[in-house]
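First up is the structure itself, then whatever we jot down about it.
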């Protein structure tokens, strides 16, 4: 990887002294850059290099991101206004708002929206609460603190697919570990496959298991950035551990908590692999009665099982709009919280 | 990569922590240790049980109580998963895909992150804002057009289909930018420029050496994400040429109706990342915490 300046210079012998001079100047750090107004091709090249290089450095990111994420985003909007069938990809006819009308009059869409919401709450709230508690404990002086952190993060190494395959067995209604453990403590078997809340709880538990440690580390990082003197003065005021946690840690962590709420909400809105594989052979229906079909799953079902890519595009854009609304609500709530705390 | 390298630019924070540890940071009591052991058990038990189930037979898994200790069928099941469930091809494909994505993401993120951190150009703050904003866009918004285009190109089932769209990362760009803002002294770049060094030379001799610890951490995080990517690979690839996640998806939908083999597949597909966690756990933990403070 040699610079254009250096490689051309090495081919012409009369440029060699300049090069050597610049090399010695590197050690003495004397400004030896080509002067302004010096009309030589070299200084022009240098100035052009300074101007253009920032754009060259960000170009790969924006080109690839544009081509494979931004442009498709707009095309998805375009396709959502067309009839596009998986069986005949080349014939795309204008549909207007048909796909959206079709969508909003479908019970399955509202069911998927409701499931996404309930599974989202069931998985996010306990997850973040547990993560906060875990981070608080990891913030004590511990023996082998790094090992504890790595252990808590190991579920993150497991893919959603692998984790779900394991949890499907653990939650097997007849022979699974979950019902066996419940039986040991005298609680009757739960039908984790068919029942509405049972299956949603099972799917949520996969998300909770995979992400609690990850979020705990994010909280832990924020806790370690809290200035120690805040705790000191709280202790001087007679605050105990719990009061310090409530009145110092939580307020200082508010931006981080908001950040994890937003990230978890985005994750929950697009939840897909867990409900898909939890369904096993029943495929993308999300259970026999669609009891845990999320929006992400509904989109895949409409697009690649039924073959209606136009409708799948409409679902994708609905998801996006929902996310924007949630982001706006998050912003308003955080602003309101900040105002009320002042 | 040495430990000093990783923690070097975080000097002030470490110091603060040390002050806290010396005076105020409380020692964990027995209650805390008990709770932590419980958390650790919940974290590890499903993984250990995967190995237990993979070492049993399908018939045994269909009986109660569920097995709690290892049986003798582990290697037989691993072999079946490797050959018949396509986990062998899948592992090779995933290594190719995840390594390429990691290399691309680390390189392009470092270049763009450097430009955003240290160079002045028009619309830089607007473009950075755009980069951060794009982290909110779910992958579902891209898959329909991508599927149509890749089918047109005849790229369905080829690995480049899953590599190209994820070759760059908004998170990675932001991560490198945040790191380089404080880890790379601006005077160092100016000195090199004074000496007439071209931009590429500056990147090679100044930026890359300064960014190396963060590049390593970003590489680890990207590899984990690329290895576990699910939605687009299962649309773009099928069982003829799968990645690990595609093969696991096939297993989960009844491709081979044997639970012990399915568990063996899940174990195989997770093993490379577990090894990575064993070797680089400290760095991965550090990377997530570092990204959090600055993000």
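Protein chains in written order, with the numbering used here: chain A, 243 to 584; chain B, 544 to 838.
Don't be surprised by glycine CBs; every beta carbon is placed ideally from N, CA and C.
Chain-ordered residues of the stretch 383-399 of chain A with a beta carbon less than 9 angstroms from chain B: 383, 384, 385, 388, 389, 390, 391, 392, 393, 394, 395, 396, 397, 398 and 399
Partner residues on chain A for residue 602 of chain B, Cβ-Cβ distance less than 9 angstroms: Per Cβ cutoff of 9 angstroms: no residues; residue 602 of chain B is ~11 angstroms from chain A at best.
Interface partners of residue 778 of chain B on chain A, CB under 7 angstroms: 546
Any C-beta of chain A under 9 angstroms from that of residue 570 of chain B: yes
Close Cβ partners of residue 657 of chain B (< 6 angstroms) along its chain, the five nearest in sequence each way excluded: Around residue 657 of chain B: 723 and 750.
Cβ-based burial, residue 793 of chain B [other Cβ within 10 Å; buried from 16]: buried
Environment of residue 783 of chain B [buried if 16+ CB atoms lie within 10 Å]: exposed
Host beta strand (DSSP E) of residue 326 of chain A (start-end): Counted as a single uninterrupted DSSP element, the beta strand (DSSP E) harbouring residue 326 of chain A occupies residues 324-327.
Neighbour-count burial assignment, residue 695 of chain B, 16 or more Cβ in a 10 Å radius: exposed
Residue 535 of chain A, enclosing beta strand (DSSP E) - first and last residue: Taken as a continuous stretch (DSSP letters only), residue 535 of chain A belongs to no beta strand (DSSP E), as it is neither H nor E.
Cutoff 9 angstroms: residue 282 of chain A Cβ touching any chain B Cβ: no
Members of the stretch 302-318 of chain A that neighbour chain B once the beta carbon cut-off is set at 9 angstroms: 302, 303, 304, 305, 306, 307, 309, 310, 311, 312, 313, 314, 315, 316, 317 and 318
contact_flag[the stretch 656-670 of chain B, the stretch 715-722 of chain B] where n(CB pairs < 8 angstroms) is 3 or more: yes
Range covered by the beta strand (DSSP E) that runs through residue 334 of chain A: 330-336
Backbone CA spacing between residue 522 of chain A and residue 768 of chain B [nearest angstrom]: 24 angstroms
Exposed unless 16 or more other CB atoms sit within 10 angstroms - verdict on residue 821 of chain B: exposed
Residues that residue 512 of chain A contacts on chain B, provided the C-beta gap is smaller than 9 angstroms: 681, 682, 683 and 774
9 angstroms Cβ cutoff, residue 575 of chain A in contact with chain B: no
Assumed close pair residue 712 of chain B, residue 652 of chain B - CB separation to whole angstroms, cut-off 8 angstroms: Beta-carbon to beta-carbon, residue 712 of chain B and residue 652 of chain B are separated by about 6 angstroms, close enough to satisfy the 8 angstroms threshold.
Cross-chain neighbours of residue 816 of chain B in chain D, by beta carbon under 7 angstroms: Among the protein chains in the structure shown, which are A and B, there is no chain D.
Presumed contact (8 angstroms Cβ cut-off) between residue 511 of chain A and residue 495 of chain A, rounded CB distance: That belief does not hold up - the Cβ atoms of residue 511 of chain A and residue 495 of chain A are roughly 24 angstroms apart, past 8 angstroms.
Residue 492 of chain A - containing alpha helix (DSSP H), residue span: 492-511
Minimum C-alpha distance to residue 613 of chain B - residue among B:622, B:600 and B:624: B:600
Nearest neighbour of residue 532 of chain A, chosen from A:478, A:354, A:312 and A:294 [CA to CA]: It is A:354.
Host alpha helix (DSSP H) of residue 293 of chain A (start-end): 283-307
Beta-carbon separation (whole angstroms), residue 321 of chain A vs residue 551 of chain A, contact threshold 8 angstroms: A Cβ-Cβ distance of about 6 angstroms is found for the pair residue 321 of chain A and residue 551 of chain A, placing them in contact under the 8 angstroms criterion.
Alpha carbon of residue 577 of chain B to alpha carbon of residue 504 of chain A, nearest angstrom: 31 angstroms
Three-state class that DSSP yields for residue 701 of chain B in the structure shown: coil
Completely contained alpha helix (DSSP H) runs for the stretch 725-767 of chain B, where each covers 4 or more residues: 729-737 and 742-745
Given 8 angstroms, three or more beta-carbon pairs between the stretch 401-410 of chain A and the stretch 484-499 of chain A: no
Whole-Å CB distance - residue 507 of chain A paired with residue 366 of chain A, under 8 angstroms assumed: 7 angstroms
Test: residue 569 of chain A CB closer than 9 angstroms to a CB of chain B: yes
Stretch-stretch touch, CB-based, cutoff 8 angstroms, three pairs: the stretch 589-606 of chain B with the stretch 798-807 of chain B: yes
Proximity of residue 454 of chain A and residue 376 of chain A at Cβ, strictly below 9 angstroms: Contact: yes.
Chain-ordered residues of the stretch 435-455 of chain A with a beta carbon less than 7 angstroms from chain B: Residues passing the 7 angstroms Cβ filter: 451 and 455.
CA-to-CA distance, residue 534 of chain A to residue 397 of chain A, given in whole angstroms: Straight-line Cα distance between these residues: approximately 23 angstroms.
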